[in-house]
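Numbering (mature numbering (1 follows the signal peptide of the UniProt record, and there is no 0)), first residue to last: -18 to -1, 1 to 475. All residues carry an ideal CB built from backbone N, CA and C; glycine is no exception. Notes to accompany the following structure.
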């Protein structure tokens, strides 16, 4: 596998040196860094970038698979190991015997490194938060010798002032949010004695992501897998910690994805448009048989009050083509393009890492030349310069695992030239034949036409400077033509 990763990188380097989506050859070996720590089992799980561009990876290492130890690894911006950090670039802690999957890594407002995750010790489950100084030493001013421990499974949100929130299901229809100051002590002025408890109508679900928006509102995204469908659940809490009754149905919106049967598992990720609209990307589906994944990838966009954004897809929802693509993360760029990362599943023991970019309207951006590589992918971040950085590890069946980092080129502000061209449509109103004319034309442009209810009645590609659209068989009325970044109102009479 290690040889395969580097071989693919070499091929891609000849294809494109800086095209969006291509591997960044200024990083590591052709865009890829593979790291082994003293011939041990090494796993990379989470990423963060410091203000100076250095990269932090959290994960675990084990010399013998019997004991796993928490690690932090720091790299310079070009992917070389930062030997000034810890011991030869690595910080190892032995306060944990095994990690769960509720991990967290972030940099606070003063440059401290915050890690958190579920650990299992002596048949008990704990949520441990640790804070490290910039040099990798535990910050003894935080908690007890740099560590705060809770019994149970929590989700954490780091706030802009260095304090943090902990979210917990206290009952199947009850969620508590507690606020802790930046020294790790409970903020008793928050909620009731430090905790705000909200009840909601519905059963419990799996929490997929927690985020705050620009106004410090708290969002919680979850999924509930049913027998033949999946519920995508979004909750909005006020900065006070209580559900926002002005959002959706008393603070909750639920979208049911009923596309595949059976429904074994789902994924979802949350981000916000520049004007604050919540956007969700994910997949739901099943492994029908060995090597036969059937996944329904999707986008959902809401208005700020939780109602579906009718200008997006079919009443706020876009169903992408059914495939084996399981979306893990979503990033909405300033130009409203959407980057998603995830895996192409094989329903056995492996998968292929994939990163794609979509236009605002949900059409795939074919100018984005993303690499597809085989490794055990875990997390992606967007760097400060917009480049895409992902982490994971080699698969166990190829030998002892090694940490894998790879970086893609990406310009978060670029807009394809054809999107800036002046477009006109005529005649409008029309008896059914509309002509769409672009001042200049350099690429194929995907489009869809929907009626006033949001039902999509036609899709295709505009392939020439001047294209005709035929709605002669449709009923008279108002229709909407959506391209990558435009919506045209069509009137047939």
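The continuous beta strand (DSSP E) containing residue 275 extends over residues 274 to 283. Per the DSSP secondary-structure output, residue 324 pairs in a beta bridge with 309 and 336. Residue 204 sits in a strand when the DSSP states are folded into three classes. With a beta-carbon spacing of about 22 Å, residue 173 and residue 90 fall beyond the 8 Å limit used to define contacts. Secondary structure in the region 337 to 416: the beta strand (DSSP E) runs of 3 residues or longer, each lying completely within the stretch, are 358 to 364, 370 to 375, 385 to 390 and 405 to 408 in chain order.
In the DSSP assignment, residue 214 forms a beta bridge with 205 and 237. For residue 135, no beta strand (DSSP E) encloses it, and the DSSP letter there is neither H nor E. For the alpha helix (DSSP H) assignment, the region 13 to 59 encloses no uninterrupted run of at least 4 residues.
Counting along the chain, the unbroken beta strand (DSSP E) around residue 267 starts and ends at 260 to 271. Secondary structure of residue 166 (DSSP, three-state): coil. Taking the CA atoms as reference points, residue 214 sits about 12 Å from residue 247. The three-state reading of DSSP puts residue 103 in strand, counting E and B together. Scanning 202, 121, 318 and 123 for the CA closest to the CA of residue 159 turns up 202. Using a 10 angstroms sphere on the CB of residue 155, the tally of other CB atoms stays under 16, which defines it as exposed. By the neighbour-count criterion, in which a residue is buried when 16 or more other Cβ atoms sit within 10 angstroms of its Cβ, residue 303 is exposed. DSSP places residue -1 in the coil class of the three-state scheme, outside both helix and strand.
Collapsing the DSSP output to three states places residue 116 in coil.
According to the DSSP secondary-structure assignment, residue 188 is paired through a beta bridge with 205. Annotation for residue 428: the continuous beta strand (DSSP E) segment containing it runs 427 to 433. C-alpha of residue 288 to C-alpha of residue 266: approximately 22 Å in a straight line. With the rule of 3 Cβ pairs closer than 8 Å, the region 315 to 324 does not count as touching the region 446 to 463. Distance between residue 4 and residue 210, taken at the CA atoms: about 37 Å.
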